[in-house]
Amino acid sequence: MTAPAKIVPAFDVEKARADFPILARQVYGKPLVYLDSGASAQKPRAVLEAMTRFAESDYANVHRGVHYLSATATDAYEAARRTVQKFLNAAREDEIVFTKGGTEAINLVSYSFLAPRIQPGDEIVLSVMEHHSNIVPWHFLRERHGAVLRWVDVRDDGSLDIEAVDAAITAKTKLVAITHMSNVLGTVTPLKDIIARAHAKGVPVLADGCQGAVHEILDVQALDIDFYAFTGHKIYGPTGIGALYAKRAHLKTMRPFNGGGEMIREVTRDLVTYADPPARFEAGTPPIIEAVGMAAAMDYLMDLDRAAVKAHEHDLLTYARERLKDFNWLRVIGDAPGKGAILSFEAEGMHAHDVATILDREGVAVRAGHHCAQPLMERFGVTSTSRASFALYNKRADVDALIAALAKAREILG
Amino acid sequence: MDPSLRELYQEVILDHSRHPRHFGALDNATHKAEGYNPLCGDRVTVMLALDEQGRVADIKFQGKGCAISQASASMMTELLAGRTVVEAEKLMEGFLHLVKGEKAADLSPDDREHLDVMSGISEFPMRVKCATLAWHTFRNAVEEGETSADAKAGAA
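Line order of the protein sequences matches chains W and Z.
The numbering used here numbers the first residue of the first sequence as 905 and each following residue consecutively.
The numbering used here numbers the first residue of the second sequence as 1408 and each following residue consecutively.
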């Protein structure tokens, strides 16, 4: 998934920071150190301005009117779809379904693709590091259709054993649903290998790209993946918008999801016929302004040297690991080779919420809790962790602030 | 150092969280409930023995959680032991007002003095739920958590 090795100019983090207005603010009189981009990323001016510009000059409902603005809005909405296509390197724009987020994208696959194919006893393979969005939709199929969830464990360092995944895929497996990047451990899964193994047994693969889409460079054709779900607000775009990539061949066989306007061909008193994908899965007025905003976020990312961004984020992670070595009371959870810029840790004798409260007063925003990944918390024997997640706008000084704030937490609570 | 942090994590609170009072199982519990904060995964179980006058003859708690939730549970058990359910309800109302930074006019001077260490929480609205978890669990235990006669007989 990484770009071919090349000489990249150092990423100019200060230039990037200037693109994010919120980073100029202070909290409690201290500079904001935002290390919670894994929960939701901040928005560059380019995104905010694209949304405002569109709403101020080109906005109306899409695919409905014959008037001028209806055409400009429809053009912008469909242009956004082509931007997503480009971002994912999908073969066709009609393989992109807009959703309200990653969760809805996965629920769409669960309801429209998998549910009609499940017989009692059929299996769905998932890893213990999934977050709830990629667990609960499959539990629905367990409860309602008798599906069996086959969990693949991770190693103690958080890495995934491809042989364990392979062994879990049997003649009963109907889908492998796996994260692209763990939101707690930072583990990047070997998607290409997983897909090859699954396809060799005739099993489709869904990847939860909620974390992966922002940190990894995507090529759904090279991966040969069946479904890729992600959300806009974690890739520096707005909330309320996400997308599902699905192979055209799958989309054509899928039953409608929500019913309403936009997704029909014809409605009579007795009958309804449905539109072709992707419209079939986009009932009602879609999040139009948000689609424009997400596309602007993707354009923003694609204008950057993404390999340099990745190297920059990796540098932050490496630097943080190095600095944390002084804290022998702190256990980092997740140390898989090639992991992404997410750092979860447990502090001895200090609950994650107390740590996060003290960090917060130092201006340092981290996530504390179970990260909507309770099976993983159980796997590592913790009820909650603190998590610092790095984005392209973070800098080494942010890591220094985190370290100083952690020392303060130790002083107060330790 | 942010003074409100010192206020929040003052020694009394840290002491209660590190050495919680009335911690453990209560074999002769007449009422019991489990509280759960889905936000952080914290759990607390409150067990109490009510006597015939509706007085908290004994109370204990178990669970895992942050310093605030543990300290609050510990202090609650100290304050509620010996009170009637009606008195406990009144105290709880006062406590809830206090941690939300509202006027807690119904607290007696003595109770106010004991609970004053928790008033710093009102500066941390995201943490109020941590402080109230045990108290809400106590209320659930009284209202809906009567243990079965069998369990009581078994425990006796």
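Glycine residues also receive a C-beta, built at the ideal position from the N, C-alpha and C atoms.
None of these values were measured; they are calculated from a predicted model.
Rounded to the nearest angstrom, how far is the Cβ of W/Thr1289 from that of W/Ala1256, given a contact under 8 Å? 6 Å
For W/Ala983 versus W/Ala1199, is the C-beta distance shorter than 8 Å? yes
- Query: Are the C-beta atoms of Z/Gly1472 and some chain W residue less than 8 Å apart?
  - Reply: At least one chain W Cβ lies under 8 Å of Z/Gly1472.
| Mind checking whether W/Met1033 and W/Ile1193 have CB atoms under 8 Å apart? | no
Return no unless some Cβ of chain Z is closer than 8 Å to the Cβ of W/Met1033. no
Select from the stretch 1519-1548 of chain Z all residues with a C-beta closer than 7 Å to any C-beta belonging to chain W, and list them in chain order. Phe1531, Arg1534 and Cys1537
Can you list the residues of chain Z that W/Ser1288 reaches, using a CB-CB cut of under 7 Å?
Cys1447 and Gly1448
Problem set entry | W/Arg985 CB to nearest heavy atom of the ligand ATP below 7 Å | Looking for the ligand ATP in the displayed structure turns up nothing, as the structure carries no ligands at all.
* Chain-ordered chain W contacts of Z/Tyr1416 [CB-CB under 9 Å] -> Asp1258, Thr1261, Ile1262, Ile1316 and Leu1317
Where does W/Arg1265 land, buried or exposed, given buried means 16+ other C-beta within 10 angstroms? buried
Within 8 Å of any Cβ in chain Z, is that where the Cβ of W/Arg1265 sits? Yes, W/Arg1265 lies at the interface with chain Z (some Cβ there is under 8 Å from its Cβ).
Alpha-carbon to alpha-carbon, Z/Asn1435 and Z/Ala1560: Low confidence applies to Z/Ala1560: its pLDDT is 48, below 50, so where it sits in the model is not reliable, and the reading given next is rough at best. Straight-line Cα distance between these residues: approximately 9 Å.
_Nearest by alpha-carbon distance to W/Gly1242: which of W/Val1107, W/Val970 and W/Gly1090 is it?_
W/Gly1090
For W/Pro935, does the three-state DSSP call read helix, strand or coil?
strand
request  = Keeping to the same chain, check which residues put their C-beta closer than 7 Å to that of W/Lys1004; ignore five residues upstream and five downstream.
outcome  = Gly1144, Ile1145, Gly1146 and Pro1191
Quick check on DSSP: helix, strand or coil for Z/Gly1561? Because the pLDDT of Z/Gly1561 is 44, which lies under 50, any placement of that residue in the model is unreliable, and the question is left without a value.
Problem - Cα-Cα separation, W/Ile1139 to Z/Ser1411 - result: 35 Å
Note to self: Cutting at 8 Å between CB atoms, please list the residues of its own chain near Z/Asp1513, excluding the five before and the five after it.
What the structure shows: Lys1497, Glu1500, Gly1501 and His1504
What is the DSSP secondary structure of W/Arg1054, counted as helix, strand or coil?
-> strand
Q) From Z/Gly1552 to Z/Gly1489, what distance separates their C-alpha atoms? A) 19 Å
### Query
Using a C-beta cutoff of 8 Å, does Z/Asp1409 count as contacting chain W?
yes
Within the same chain, show all residues whose beta-carbon is closer than 8 Å to that of W/Leu1030, passing over the 5 residues directly before and after it, in chain order. Asn1038, Ile1039, Trp1042, Leu1053, Arg1054, Trp1055, Val1056, Val1080, Ala1081 and Ile1082
Q. What does DSSP give as the partner residues of Z/Phe1468 in its beta bridges?
A. According to DSSP, residue pairing for Z/Phe1468 in a beta bridge involves Z/Phe1430 and Z/Val1453.
Could you give the DSSP three-state label for W/Gly1267: helix, strand or coil?
Reduced to three states, the DSSP call for W/Gly1267 is coil.
Would you mind stating whether W/Gly1062 and W/Asp1239 have Cβ atoms separated by less than 8 Å? At the C-beta level, W/Gly1062 and W/Asp1239 come within 8 Å of one another.
- Message: For the pair the stretch 1095-1115 of chain W and the stretch 1163-1175 of chain W, tell me if three or more CB-CB distances fall below 8 Å.
- Response: no
*Report yes if the C-beta distance between W/Thr987 and W/Asp1203 is below 8 Å; otherwise report no.*
yes
Quiz item: Using the beta-carbon count (16 or more within 10 Å), is W/Ala1126 buried or exposed?
Solution: Within a 10 Å sphere around the beta-carbon of W/Ala1126 sit fewer than 16 other beta-carbons, which makes this residue exposed.
Exercise. Answer with buried or exposed for Z/Trp1542, where buried requires no fewer than 16 other C-beta atoms within 10 angstroms of its C-beta.
Key: Taking all protein chains in view, the Cβ of Z/Trp1542 is crowded by 16 or more other Cβ atoms within 10 Å, so the residue is classified as buried.
Quick one: which chain W residues come within Cβ less than 9 Å of Z/Leu1514?
The premise fails here: Z/Leu1514 is roughly 25 Å from chain W at the closest Cβ pair, so nothing lies under 9 Å.
Using the beta-carbon of each residue, which ones in chain B are nearer than 8 Å to Z/Leu1412? The chain labelled as chain B is not found among the protein chains of the depicted structure, namely W and Z.
| said: Cβ closer than 8 Å: which chain Z residues qualify as neighbours of W/Tyr932? | reply: Asp1409
>> Can you pull the chain Z neighbours of W/Gly1273, defined as C-beta to C-beta under 8 Å?
In response: Leu1446, Cys1447 and Gly1448
Among residues of its own chain, excluding the 5 on either side of W/Ala943, which ones have a beta-carbon nearer than 6 Å to its beta-carbon? Arg1271
*W/Ala1111 - containing beta strand (DSSP E), residue span*: Val1109 to Asp1112
Same chain only: Cβ atoms within 7 Å of Z/Ala1563, ignoring 5 sequence neighbours per side: Residue placement at Z/Ala1563 cannot be trusted, given a pLDDT of 40 that sits under 50; what the coordinates show is reported in the next sentence. Within the same chain, Z/Ala1563 has close Cβ partners Asn1435.
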